[in-house]
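A.B. asks: My questions all concern the structure below.
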Amino acid sequence: MQRLLYFSLALLMAGACQRVSVPNTKRVVLTGIDASKKPGDDFFTYANGIWNDTVRIPASQTGVGAYSFMNYPQRIRLQAILDSVSTSKNPAGSIEQKVGDFYASGMDTAAINKRGYEPLKPLLARIDAVTDVPSLLNVVTDEQKVGDRSIIGFYVGPDNKQSTINIAQFSQTGIGLPERDYYVKTDSSTRAIQTAYRDYLTRLFDLIGTEPTTARKNAMVVYDIENRLASAHRTNIERRDVKANYNKLAVADLSKKHPALGWTTLLNNLGVKADSVNVGQPAYYDQLNTLLTAVPVNDWKVYLKAHALTNYANFLSQPFVDASFAYAQVLTGQAVKKTRAEEMTQAVDGSLGDALAQLYVKKYFPEAARKRIAALVNNLKTAFEARINKLDWMSDSTKAKAKEKLYAFNQKIGYPDKWRDYSTVAVSRTGYFENRLAATKNEYSYNLAKVGQRVDRTEWHTTPPTVTAYNNPPLNEIVFPAGILQSPYFDVNADDALNYGGIGMVIGHEITHSFDDQGAQYDKDGNVTNWWTKGDYAKFKARTQQVINQYNSFTVLDSVHVKGALTVGENTADIAGVAIAYDAFKLTEQGRSMAKLDGFTPDQRFFISIARIWRVKTRDAFMRMYVNTNPHSPAKWRVNGPLMNFTPFYNAFGVQPGDKMYKPETARITVW
């Protein structure tokens, strides 16, 4: 759950070091356990087996269960809010009017279908009028301002070497498949996705009246350009290298190096005033500069049309929406489309997130919850400090720096203290396409204004109703939105074992992200700088390599394995998150006792809670994409991986040699 963000309840329990007493009004009974399974063979299946065998993935979803899949029931909550405000009489300019009318405009499918692709015709005509590379880039930069990113990956973020200041940043982009490896792999599932994508592009050209043979040819033109761009992309694993992806370069030098791109004019057209920018993946822009002149302008025009169509397809009439979903089905395995109401709820959350969040927080998140979770965060920090003090591989000087960083955390809980202002976003009950553009224009202007300005450390990078949590190393912050502050992560009626194994583990996980393979390169102020001794850092790297090696051995589907180097940050945070949460739990009254509840000891309930928070079932097609693109391990290995390295788990469930999860004590990995 790390940056970009690393992604964790409402109403705390008895704390450890900072005690907050909340009476249990009812016992939370553990369900879904398959007692026929041996805990030491596969704890994830033991704790979740009955649930997994009986639960059904909704046809409109790619998975079901906890964490990100809880966003499905969350959207039902948000949908109820939107159904209410969209049918009420609201004052003009109020947040209720904006979110209600935005939602209503998207629900009016009759009006949207009547328009067909008419809203896109002016852009397509403008692309047709392109005659050279400069006019091509003018279209690209103008479209960037309304969320249509084609060949330029522009964003604004803190300078890694001066984290108090925001700078203009450029990343690799330009492709339509999930990531570069999808263009080079030749296995049957990837080939099916490649074919589905080309079919999707063909269908989009068909829908705007292109002759069938030309439509298919156009799809191949687009695919060929993307393939050539992808060849210059860094892999997802290579993008984890913080230092290699920081390349602050003078605009004057870039202009000389990339004459076709014309950086000075490009930045001018984007509205960026800067004499230097960070180019995360320079090889991509080297390749783009070459291709701008090597590829005929007419082919680039076809490419721009395709990217406009894929970007706006879901804002247009039903045939475009259907074409988009047909591709998504092959990519993710999703059986049927989400309901229109769910899609529009997601659209409002993505476009006017803080406005909708205010209505959500008012209804579902009490103020007292923030204080209770803050106390738990402080308890986990204390437990982590104790673990730092006990490390036998780290010198005292590095320990002191680590503790300085730990206590410099900016922690955000529930929702922002300052809400986003959407007063300049014009929203009407008609014109869904125009509403979407108004929102994306506002977002662009909001971010553009940050260039060269001081970083606002109060800003949030997710909406409060989202079921997630994150750590943001350049700001040295940990964030726990209201959406994740609910069962199974936290329940006011639950005992400490469940809450510490739930939200406690998530908090420990997010804390650890400041000390994983990426986070460890940032100091307490969020700057990329070396605060380690040379010897300590070498020992740290050796331990994270152990994590990589172990997770590489975990099988997901047939021959598909976890990518240890891609997931090392999340796996390190999982391993330490369990340990930190357990240490904090042992300071509570229940943690110090052996009294059983429903037949389970406190420690057993703690570990079962960890398995419950990753209780997830997904479609195989989605899981294949997930393993290729997501820095988190699949749910099973977020449970079994950390626990097979944690001795108290062995003690709690009597794990012995011969059990499938058993590892000799000397082989159990401890990083923090």
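Last residue of the sequence shown: 1425 in this note's numbering, with the numbers rising by one and none dropped. From the three backbone atoms N, C-alpha and C, an ideal C-beta is built for every residue, glycine too.
Using the beta-carbon count (16 or more within 10 Å), is residue 764 buried or exposed?
C.D. replies: Any answer about residue 764 is weak, because its pLDDT of 27 lies below 50 and its placement is not dependable; what the coordinates show is given next. Looking at its Cβ environment, which holds 16 or more other Cβ atoms inside 10 Å, residue 764 is buried.
A.B. asks: Measuring alpha carbon to alpha carbon, tell me which of 1038, 969, 1242, 1393 ends up nearest residue 1257.
C.D. replies: 1242
A.B. asks: With H, G and I counted as helix, E and B as strand and the rest as coil, what does DSSP make of residue 1327?
C.D. replies: In the three-state reduction of the DSSP assignment, residue 1327 falls in the helix class.
A.B. asks: Could you tell me the distance, in whole angstroms, from the CA atom of residue 1393 to the CA atom of residue 1267?
C.D. replies: 23 angstroms
A.B. asks: Measuring CB to CB, does residue 827 end up less than 9 angstroms from residue 1220?
C.D. replies: yes
A.B. asks: Measure the C-alpha to C-alpha separation of residue 1409 and residue 1269 and round it to an integer number of angstroms.
C.D. replies: 30 angstroms
A.B. asks: Are residue 975 and residue 929 close, meaning C-beta to C-beta below 9 angstroms?
C.D. replies: Yes, these two residues count as a Cβ contact at 9 angstroms.
A.B. asks: Taking the CB atoms as reference points, tell me whether residue 802 and residue 1403 lie closer together than 9 angstroms.
C.D. replies: no
A.B. asks: Closest to residue 1072 by CA distance: which of 955, 995, 1139, 996 is it?
C.D. replies: 955
A.B. asks: Let's test the definition: count the other Cβ atoms within 10 Å of the Cβ of residue 1206 and tell me whether it reaches 16, buried, or not, exposed.
C.D. replies: exposed
A.B. asks: Can you have a look at residue 1193 and say buried or exposed, based on whether 16 or more other CB atoms are within 10 angstroms of its CB?
C.D. replies: Residue 1193 is buried by the Cβ-count criterion.
A.B. asks: Would you call residue 998 buried or exposed, if buried means 16 or more other Cβ atoms sit within 10 Å of its Cβ?
C.D. replies: buried
A.B. asks: Going by beta carbon distance, what residues of the same chain come within less than 7 angstroms of residue 1138, once the five residues before and after it are set aside?
C.D. replies: 1156, 1159
A.B. asks: Tell me whether residue 824 sits in a helix, a strand or coil according to DSSP, three-state version.
C.D. replies: helix
A.B. asks: Can you check which of these residues, 841, 1050, 1384, is closest to residue 881 by C-alpha distance?
C.D. replies: When each option's Cα is compared against that of residue 881, the closest is 1050.
A.B. asks: Which residue from 820, 893, 1169 puts its Cα closest to that of residue 1019?
C.D. replies: 893
A.B. asks: Starting from the Cα of residue 1320, find the closest Cα among 933, 848, 989, 977 and give me that residue.
C.D. replies: Per the Cα distances, 989.
A.B. asks: At what residue ranges does the region 1271 to 1308 contain a whole run of the alpha helix (DSSP H), taking only runs of 4 or more?
C.D. replies: 1287 to 1305
A.B. asks: Return yes when at least one heavy atom of the ligand HEM lies under 8 angstroms from the C-beta of residue 1044, else no.
C.D. replies: The ligand content of the structure shown is nil, which means the ligand HEM is not present either.
A.B. asks: Taking only three categories from DSSP, how would you classify residue 984?
C.D. replies: coil
A.B. asks: Take the Cβ of residue 840 as the centre, count every other Cβ of all protein chains shown within 10 Å, and call the residue buried at 16 or more, exposed below.
C.D. replies: By the Cβ neighbour-count rule, residue 840 is exposed, with fewer than 16 other Cβ atoms within 10 Å of its own.
A.B. asks: Among 844, 785, 859, 815, which has the Cα closest to the Cα of residue 1189?
C.D. replies: 859
A.B. asks: Since residue 1168 and residue 1233 are thought to touch, with beta carbons under 8 angstroms apart, how far apart are those beta carbons, to the nearest angstrom?
C.D. replies: The Cβ separation is near 10 angstroms, so there is no contact.
A.B. asks: To the nearest angstrom, how far is the alpha carbon of residue 1184 from that of residue 857?
C.D. replies: 10 angstroms
A.B. asks: Let me know the alpha helix (DSSP H) ranges lying completely inside the region 1344 to 1413, each 4 residues or longer, listed in chain order.
C.D. replies: 1355 to 1366, 1373 to 1382, 1388 to 1396, 1400 to 1406
A.B. asks: Given a threshold of 16 other Cβ atoms within 10 Å of its Cβ, counted over all protein chains shown, does residue 1407 qualify as buried or as exposed?
C.D. replies: exposed
A.B. asks: Quick check for students: name the residue ranges of the beta strand (DSSP E) that lie wholly in the region 1189 to 1237, counting only runs of 3 or more.
C.D. replies: Fully enclosed beta strand (DSSP E) runs of 3 or longer: 1223 to 1225, 1230 to 1234.
A.B. asks: Which residue or residues does DSSP assign as beta-bridge partners of residue 1426?
C.D. replies: Here the chain has residues from 754 to 1425 only, and residue 1426 is not among them.
A.B. asks: So, are the CB atoms of residue 1102 and residue 911 less than 9 angstroms apart?
C.D. replies: no
A.B. asks: Could I get the ranges of all uninterrupted beta strand (DSSP E) runs contained in the region 844 to 902, with 3 residues as the minimum, in chain order?
C.D. replies: none
A.B. asks: May I have the straight-line CA-CA distance separating residue 1226 from residue 1252, to the nearest angstrom?
C.D. replies: 26 angstroms
A.B. asks: Quick check on residue 1315: does DSSP put it in helix, strand or coil?
C.D. replies: DSSP places residue 1315 in coil when its eight states are reduced to three.
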